[in-house]
């Protein structure tokens with residue numbers, strides 16, 4: 001300990017140390033962190049509650065005060081049946097009074113406001129510690145902040161501790177500047193100046209400390225220490241570094257100016273009214289320390305506003321303070337992510353009863369990072385709010401220009417073919433690996449569905465995220481008529497089993513689009529897919545055309561959009577089979593939405609593999625048109641077996657062909673990019689590869705998205 005103490009030990013209630021009276025006096029005068037300095041006069045174990053008063057009465061109180069003096073008692077802790085601080089203090093008071101009455105028959109008076117001696121007792125179970133308070137008030141009250149105050153100001157000793165943790169004493173010795181961009185009442189500024197000028201924090205109120213009225217007080221020693229402190233301050237002021245502060249609140253700056261004046265630093269600390277959004281350095285500042293205590297967003301509804309402040313603060317630091325040290329105190333650690341700086345370390349602190357963290361930064365480009373954005377379906381809106389500058393980045397401009405180029409042709413094509421849902425971008429720039437589908441709904445205007453293709457493990461995650469954010473930032477400018485809240489973001493990875501059908505949300509919010517003359521219900525948020533696979537648009541049109549006046553079997557029907565379009569175009573009847581009760585319910589509503597005759601268009605919930613195997617062996621019904629569009633893989637728990645379309649396609653197709661009427665057609669498609677049809681296995685049928693014929697214009701840049709064949713009997 002710099003005051004000359006020995007046996008220094010951290011305790012739950014503070015720090016204990018041993019030393020001479022001079023060490024105790026120096027602690028009172030120079031400690032920047034302590035609240036109080038106590039001299040212990042009694043440590044003992046109690047056997048009963050009654051012994052508390054008896055043990056206190058055994059202390060020689062004549063060494064500490066006169067019989068006609070004044071005193072006050074405080075008490076903390078619990079034990080021996082004493083649970084109330086007032087009662088514990090009363091028992092100690094009785095012991096002091098009993099001591100004097102036993103010697104002189106007189107007693108000192110209790111004065112809780114201005115006593116000559118303050119005694120504090122602490123009880124931990126049966127362990128009693130009795131001490132004399134050398135100061136008489138909390139040492140955080142330096143004397144410069146006595147007027148009006150901002151709400152919940154940072155305590156002076158807490159501010160000093162934070163400055164020490166942030167390395168300010170060493171930075172000040174090297175001539176570095178200090179700046180607080182949200183200085184409030186100026187506590188950091190004054191405490192930093194006191195440290196840098198070597199001012200003893202207890203000097204201003206040295207004559208008010210209770211050690212002056214303590215009977216063992218050494219006034220000569222105390223005076224010499226005060227003189228030494230005054231000399232050190234005079235010397236320290238000659239080398240005081242530059243200290244600056246700013247704040248958005250004029251009222252706070254008035255309070256700060258009063259504190260700076262009271263502390264004697266009006267000529268040394270410069271403050272200015274300015275928000276962090278307006279932030280610019282002024283004057284010739286030497287690289288040093290930026291330290292601040294931003295708002296925490298304590299009230300409901302404030303958090304989004306505070307996120308914006310943290311983001312602006314981070315931008316200010318990165319733009320204006322490269323090469324500086326940074327320190328930010330927050331009671332909401334998640335907000336620290338919005339600074340866009342990677343902390344090199346953090347420290348736990350209490351600001352009153354609030355548990356906080358001090359984040360420390362090297363403000364250098366290598367520690368810059370993107371501000372944290374909340375993921376989820378509204379990611380485009382979040383990126384737009386948190387990182388609006390990304391819209392003008394080189395990457396965002398590249399993506400925007402490519403989408404605009406695509407739209408120039410696609411919009412004319414979509415309008416002429418009455419297409420209301422189509423793909424406008426599909427990883428055209430490979431580094432910006434997203435797909436974007438545009439939907440014009442009948443009931444809720446325009447929507448964009450954005451799918452991110454999960455990056456391979458070999459791609460740096462930070463770079464991939466930055467590129468994603470750049471691409472998303474481009475969308476509001478390219479699609480100004482699409483509300484940001486109607487741009488829905490999803491992550492698409494390699495599908496396994498039925499993961500593409502798993503629920504993401506439960507909004508049950510359906511909208512209507514028109515495709516091939518049919519009204520199709522889509523859902524943009526609850527599932528990875530919307531209920532309408534856009535690349536199969538022309539496949540569905542072909543199924544519908546072939547089904548006019550005929551019967552249709554739709555296997556693995558999903559939401560049965562092909563069935564619905566066939567019914568609208570004039571199919572005589574249909575049977576749609578799927579294992580999912582949810583999607584069949586959706587399919588039935590699609591059919592009813594088009595006022596189709598439900599008596600001729602049936603739905604069956606079944607394991608398609610099992611149903612097809614049974615029916616093909618002994619058909620109960622045959623069909624003119626069969627649409628077979630199975631998943632690439634399926635491992636559903638409700639299926640008896642597994643499906644691998646490359647392995648199993650010959651069996652599936654042959655089983656389906658067994659249900660086909662003479663002169664009928666089977667349309668087989670799938671989305672496995674590496675799929676190869678085993679043509680030799682189908683010697684008794686004609687096969688036509690219709691992949692290119694059924695590839696819509698908006699998917700021609702991604703021609704492997706599906707494959708399709710037309711089977712007819714030879």
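Residue numbers (UniProt numbering): 1 to 714. Idealized CB from N, CA, C, for every residue including glycine.
> With residue 178 and residue 289 assumed to form a contact (beta carbons below 8 Å), what rounded beta-carbon distance in angstroms separates them?
Replying inline: 5 Å
> Can you list, in chain order, the residues of its chain whose CB lies under 7 Å from that of residue 615, leaving out five sequence neighbours each side?
Replying inline: 659
> Any idea what DSSP makes of residue 487, helix, strand or coil?
Replying inline: strand
>> Using the Cβ count rule (16 or more neighbours within 10 Å means buried), how would you classify residue 68?
In response: exposed
> Looking only at C-alpha atoms, which of 551, 649, 647, 240 sits nearest to residue 602?
Replying inline: 551
> Buried or exposed: which applies to residue 592, given that a residue is buried once 16 or more other Cβ atoms fall within 10 Å of its Cβ?
Replying inline: exposed
>> Can you find the residues in the same chain that come closer than 6 Å, C-beta to C-beta, to residue 444, ignoring five residues on each side of it along the sequence?
In response: 511
>> By alpha-carbon positions, which one of 285, 42, 331, 309 ends up nearest to residue 324?
In response: 285
>> Please return the same chain residues whose Cβ sits closer than 6 Å to the Cβ of residue 420, not counting the five positions on each side in sequence.
In response: 440, 513, 514
>> According to DSSP, is residue 144 part of a helix, a strand, or is it coil?
In response: coil
> Tell me, which residues are paired with residue 552 by DSSP?
Replying inline: 574, 625
>> Spatial neighbours of residue 629 within its chain, please: C-beta separation below 6 Å, excluding the five flanking residues on both sides.
In response: 556, 669
> For residue 517, which option in 563, 477, 535, 479 has the closest C-alpha, if you only look at C-alpha atoms?
Replying inline: 563
>> Using a Cβ-Cβ cutoff of less than 7 Å, which residues in the same chain neighbour residue 113 once the five nearest sequence positions on both sides are dropped?
In response: none
> Taking only runs of the alpha helix (DSSP H) that begin and end inside the region 283-367, which ones reach a length of at least 4 residues, in chain order?
Replying inline: 303-320
>> Between the alpha carbons of residue 58 and residue 223, how many angstroms are there, rounded?
In response: 33 Å
> How many angstroms separate the CA atom of residue 111 from the CA atom of residue 89?
Replying inline: 13 Å
> Taking residue 128 as the reference, which of 698, 229, 533, 76 has the closest Cα?
Replying inline: 76
>> Please tell me whether residue 161 and residue 195 are closer than 8 Å, where the distance is taken between their beta carbons.
In response: no
> From this set, 188, 318, 311, 705, which residue's C-alpha is nearest residue 263's C-alpha?
Replying inline: 188
> Leaving out five residues before and five after residue 567 in sequence, what residues of the same chain have Cβ atoms less than 6 Å from its Cβ?
Replying inline: 596, 601
>> If the criterion is Cβ atoms closer than 8 Å, does the pair residue 369 and residue 342 meet it?
In response: yes
> Closest to residue 74 by CA distance: which of 21, 104, 24, 132 is it?
Replying inline: 132
>> Rounded to the nearest angstrom, what separates residue 691 and residue 561 at their Cα positions?
In response: 19 Å
>> Could you pull the DSSP bridge partners for residue 255 from this structure?
In response: The partner list for residue 255 (beta bridge, DSSP) is empty, contrary to what the question assumes.
> Should the region 355-362 be called in touch with the region 374-383, which here means at least 3 C-beta pairs below 8 Å?
Replying inline: no
> According to the neighbour-count rule (16 or more other Cβ atoms, all chains shown, within 10 Å of its Cβ), is residue 214 buried or exposed?
Replying inline: buried
> So, is residue 422 buried or exposed, given that buried needs 16 or more other C-beta atoms within 10 angstroms?
Replying inline: buried
> What residues match up with residue 272 in a beta bridge as DSSP calls it?
Replying inline: 246
> Hey, out of 9, 80, 408, 91, whose CA is closest to residue 47's CA?
Replying inline: 80
>> Suppose the cutoff is 7 Å on Cβ atoms and the five residues either side in sequence are ignored; what does the same chain contact list for residue 176 look like?
In response: 241, 286, 287, 288, 289
>> Taking 8 Å as the cut-off, does the region 308-328 touch the region 133-145 (at least 3 CB pairs, one atom from each stretch)?
In response: no
>> Our contact map puts residue 98 next to residue 53 with C-beta atoms below 8 Å; I'd like the distance itself, whole angstroms only.
In response: 7 Å
>> Quick test of your reading: residue 391 and residue 477, contact by CB under 8 Å. State the CB separation rounded to the nearest angstrom.
In response: 6 Å
>> Using a Cβ distance threshold of 8 Å, determine whether the region 270-280 contacts the region 217-235, with at least three qualifying pairs required.
In response: no
>> Below 8 Å on the Cβ atoms is my contact criterion, and I expect residue 6 with residue 19 to pass it. Report the Cβ-Cβ distance as a whole number of Å.
In response: 6 Å
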